[in-house]
Amino acid sequence: MKLFNKIGMRLILAVSLTVIIIVGIFAYFNVQAHSTNLIAEVERHVNQLSETVKNTMQYDMLQNNREHISRIINIVGKEECIKNVRILNKQGEIIFSTDSTQIGQMLNKKAESCYACHAENEPLQKLAIKERTRIFRPTPVDSRVLGVINPIYNEKSCWDADCHAHTQDQTVLGVLDITICLREIDAQTEESKMSVALFALFAILIIAIILRIFVKILIQRPVRELLKATNYVAVGNLSHRISSTRKDEIGQLANSFDNMTSKLAEARMQLFQSDKMASIGRLAAGVAHEINNPLTGVLTYSSFLLKRVKDNPEMKADLEVIVRETKRSREIVKGLLDFSRQSTPKSGKVKIEEIIDNAVAVISNQLKINHVELIKNLSDSVPSITADPNQIQQVFLNLLINAIDAIGKKGGTIVLSSKEVSLSPYGVVQIREAQCPKGHSFIDDEHKINGLPSIKLKAKSGMNEGFIHLDPIYGKHQHHYGIQFSDGEIIHLHCPICGVSIVDEKKLGPNCGAPTYSLIIPGKGKLEGCTKFNCVWQKWDFVDSEGKLKFLEVRIKDSGCGIEESYLSKIFDPFYTTKGQKGTGLGLSVIWGIINNHNGKITVDSTINEGTTFTIHLPVGND
Amino acid sequence: MTNRTYDILIVDDEEVIVNAINVIARFGEYTTLSASNPTEALRLLEETTFNLIITDIMMPNLDGFQFLEIINKKKINTPVIMTTGYSTLENAVQALHNGAMAFVPKPFTLEELISVFRRGMEYSKIFAQQKLGTSSELLSIIPCPPRYSRLGFDSWMNEEFEGTATIGVTDIFLNSVGNLESVSLLNVDDNIYQGNTALRVTDSNEHIHQVLAPISGKILSVNYKLIENVNLLAKDPYFEGWIYKVIPFSLESEVKKLTSCSSDI
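Going down the list, the protein sequences come from chains G and V.
Numbered per the numbering used here, the first sequence finishes at 745, counting up by one with no gaps.
Numbered per the numbering used here, the second sequence finishes at 282, counting up by one with no gaps.
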């Protein structure tokens, strides 16, 4: 980069220019004032001197003691800086002078010593000291000199004197003219000019250094970081974060950049996943066709054989397994085709024991090979549920295979248990309607969370304003945040239509003591929640008071290696796998999706080296 | 080849499928000939008469739909059963819309195919009579009212009021089934999808026949009278014998795949 293109250099140049202008103007006036003061001082001094000389000579002048006067003038004129002392008479003749060559010369009225009084036709008789002084250069090569003229006025003693040289009607008898050199003053002025210039230079240097340091710390470094980060993003590394701790604009820019990158990463991941889903869909379609043809062979021949062995019950039973399992394969392939087109579950009343038995039958061989003992504690009295039997069977199959994998070759046990339980509506009931106090609906059909219309609220955080989409399941908290919040921040919530606040500052949540928000649920009381970011307190008295809901609970407990706690929260995420190349990472996320589609819940509990328990809750005739 | 009549012409590029269908056909005591591609099948059709054709859809060169189109153009009025491993709803709807009498997704069981074969043979008879113009039997088929639309020869749909539609089974389908034993219906609030099975009809021989839904929608009400009296279906298939009233999902686009009954008369 060219030196001049650097932001720091440009700033330094701009500031230097400003400094030069300001210091220049300041110096000009300062030096000017200084030199004016000095000259005024000199003037005063010379005037005093001139008065002194005049007074000294008064007696001699009365006595007409010219020799004496001449001597005094010469003595005064010996002073180094006094250039010239002379007395001019009324006619302009130089009658005394330190420079003896000048004596007897006639000065024109226009000469610089006379001009002040003789500018007008009628000569002035009284002049202020300012007007009696003049600064000039005797010859262009000389240094400047200052001349003061002092008129010698006619006095009584003059016309009374015996010589009768002057008459009474004369006012001014002559002029005492002293010129002194200004070399020293000029030198001083010069010096102060130099020192100001030096000061300006020094100031610019210091400012430049300070600016350089600040620019480096405040701008260059963070900008370089940003530049580096954009380059990372450009080459596809979306995991790089600047993590700036600064609070200024550049810090905000860096945070905003980080936010953008993480959003980009999410979007890319989603794109990647939907891409993956699309390829799985295409693959599924291809596979469906390729697998269905051989399955046709198996199914037709086995169903044909089944017809022919009516008399052989043993063989008939075996063939029935083939027919049943081939039909199941058919449904799986159909499921693959449907998966690529996101079909809804085919619901029917199902008995969970039958589904579990079918799933166990498929993997009974694997159980044997891996020395896994399967214990079934299934309650006889559990009601049937409304579900898609094939999907639910896929859930149990996947969970059982996972359990076998977790146990490994050393053998172990899997305990399957089922019972009917009553659960709190917390985390289950869907909020279908919600309003602000003015009756505006919060329900957003466009933005869905887990397939359900979400609750749209306006949120404010400092200067930022955006939307929050609340999870419509009471107590589930899979909210979507449109803007960023810091951990533990109190969020101000408003109606997105009329902007009215729905936060009650006085009513504090019991968990963290932060203010609560409340949504009006028409006909069903109100739903309250905590405004603190990441606090999960929610309360809906109306639903809570309705009592518990009935669920079928199925537990699958294995004695396997367990899952590390840090992985537990991630295991239902799509494409998350600990099996490396062995797994697709789709199993548990698909299971989660199936259970979620059935309005159920799946949770996991695990202890390292002791085993993992998956608990599934499916609704029994709720609604 | 002599000019004798065979029951079924099997068209499929995979030998194992041809053999499997053959096994089922023999079990049902039907005579068969097979072709491994439509071109060969067309040659056979020139020399021989068949009561029924069963063809795969995905085949190299000419596919099942093109084959069906040629048959339609040649005015060969042999009923055609279409089958494929790529058993999407779109394919099912397309097959019926293009004039196939049935769509059977692979893999199928012996029972499923036998049921369709039986129906196919009945269709064959009806079609033959229609061609000959024999009136006595033909009159027994009640025509579909003109403002109705039908999906192939399976089911009909009538848009009653704004936003609801009634669906039912065509008389020609019921005729091909023969004596009805029972029906199994879906429930209120269930969804049906165009081309998916909407109901199953069991005949007196315990063969189960599947009727594909003409449109997609959510079931509003079910004609439960049919459970008590299944013959209501055959007696008045277009009015009293309705099956479901539904809220259609996307009627506008799906109607394109239906045939207006006004063209039948």
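Glycine included, each C-beta is placed from N, C-alpha and C at the ideal position.
Small disclaimer: the values here were computed from a predicted structure and weren't measured.
| Asked | Found |
| --- | --- |
| Answer with yes or no whether the minimum CB distance from Val742/G to chain V is below 8 Å. | no |
| When you compare the CB of Gly45/V with every CB in chain G, is at least one pair closer than 8 Å? | no |
| Shortest alpha-carbon distance to Ser539/G belongs to which of Asn512/G, Asn169/G, Ser503/G and Ile577/G? | Ser503/G |
| With the cut-off set at 8 Å, would you say Gly746/G and Gly682/G are in Cβ contact? | Any answer about residue 746/G is impossible in this case: the structure gives chain G only from 123 up to 745. |
| Quick check: the Cα distance between Glu347/G and Met391/G, rounded to an integer number of angstroms? | 25 Å |
| When you compare the CB positions of Asn272/G and Leu298/G, do they come within less than 8 Å of one another, or not? | yes |
| Using beta carbons (cut-off 8 Å, strictly below), is Thr214/V in contact with chain G? | no |
| Mind checking whether Ala117/V and Gly195/V have CB atoms under 8 Å apart? | no |
| Can you tell me which of Glu277/G, Gln213/G and Asp221/G puts its alpha carbon nearest to the alpha carbon of Lys232/G? | Gln213/G |
| Is Lys274/V close to chain G, meaning its C-beta is less than 8 Å from at least one C-beta of that chain? | no |
| Are the CB atoms of His493/G and Met75/V nearer to each other than 8 Å? | no |
| Residues of the stretch 93 to 123 of chain V with a CB closer than 9 Å to any CB of chain G: list them in chain order, please. | Thr100, Thr101, Gly102, Tyr103, Ser104, Thr105, Leu106, Pro122 and Lys123 |
| Which residues of chain G have a Cβ atom closer than 9 Å to the Cβ of Phe82/V, listed in chain order? | Near Phe82/V there are no residues of chain G at all, since even the closest Cβ is about 15 Å away, more than 9 Å. |
| What does Ala410/G touch in chain V if you count any residue whose Cβ is under 8 Å from its own? | Gly102, Tyr103 and Ser104 |
| Under the assumption that Val537/G contacts Ile717/G (Cβ atoms under 8 Å), give the Cβ distance between them as a whole number of angstroms. | About 20 Å separates the two Cβ atoms, so there is no contact after all. |
| Give the DSSP-derived three-state secondary structure of Ile413/G in the structure shown. | helix |
| Comparing alpha-carbon positions, which option in Gln224/G, Ser608/G, Phe589/G and Ser401/G lies nearest His601/G? | Phe589/G |
| Using a C-beta cutoff of 8 Å, does Ile34/V count as contacting chain G? | yes |
| Does DSSP put Gly651/G in a helix, in a strand, or in coil? | strand |
| To the nearest angstrom, how far is the alpha carbon of Glu371/G from that of Pro344/G? | 11 Å |
| Cβ closer than 7 Å: which chain V residues qualify as neighbours of Ser425/G? | Thr126, Leu127 and Glu128 |
| 8 Å is my cut-off, CB to CB: does Ile41/V come that close to chain G? | yes |
| Does any C-beta atom of chain C lie closer than 8 Å to the C-beta of Met75/V? | Note that chain C does not occur in the displayed structure, where the protein chains are G and V. |
| Taking Ile612/G as the reference, give the member of Ile595/G, Glu627/G and Ala528/G with the closest Cα. | Glu627/G |
| Give the C-beta separation of Tyr255/V and Tyr140/V to the nearest angstrom, bearing in mind that I take them to be a contact with Cβ-Cβ under 8 Å. | At roughly 19 Å, the Cβ-Cβ gap does not stay under 8 Å, so Tyr255/V and Tyr140/V are not in contact. |
| Does the stretch 93 to 100 of chain V come within contact of the stretch 117 to 134 of chain V, defined as at least 3 CB pairs closer than 8 Å? | yes |
| Going along chain V, which residues have a C-beta under 8 Å from Val445/G? | Thr126 |
| Shortest alpha-carbon distance to Leu740/G belongs to which of Lys128/G, Glu675/G, Phe151/G and Ile713/G? | Glu675/G |
| Start and end of the alpha helix (DSSP H) containing Ala182/V? | Segment Ala182 to Val186 is the beta strand (DSSP E) holding Ala182/V; no alpha helix (DSSP H) there. |
| Suppose contacts are defined by Cβ-Cβ distances below 8 Å. Is Tyr261/V in contact with Ser233/V by that definition? | no |
| Within this structure, are the beta carbons of Val267/G and Cys303/G separated by less than 8 Å? | yes |
| Rank Ser199/V, Asn68/V and Leu85/V by C-alpha distance to the C-alpha of Gly137/V and give the top, closest one. | Asn68/V |
| Hey, out of Val625/G, Tyr181/G, Gly621/G and Val658/G, whose CA is closest to Asn633/G's CA? | Val658/G |
| Nearest CA to the CA of Leu106/V: which residue from Ser280/V, Lys274/V, Ser279/V and Cys278/V? | Lys274/V |
| 8 Å is my cut-off, CB to CB: does Ala407/G come that close to chain V? | yes |
| So, does the CB of Glu177/V fall closer than 8 Å to a CB anywhere in chain G? | no |
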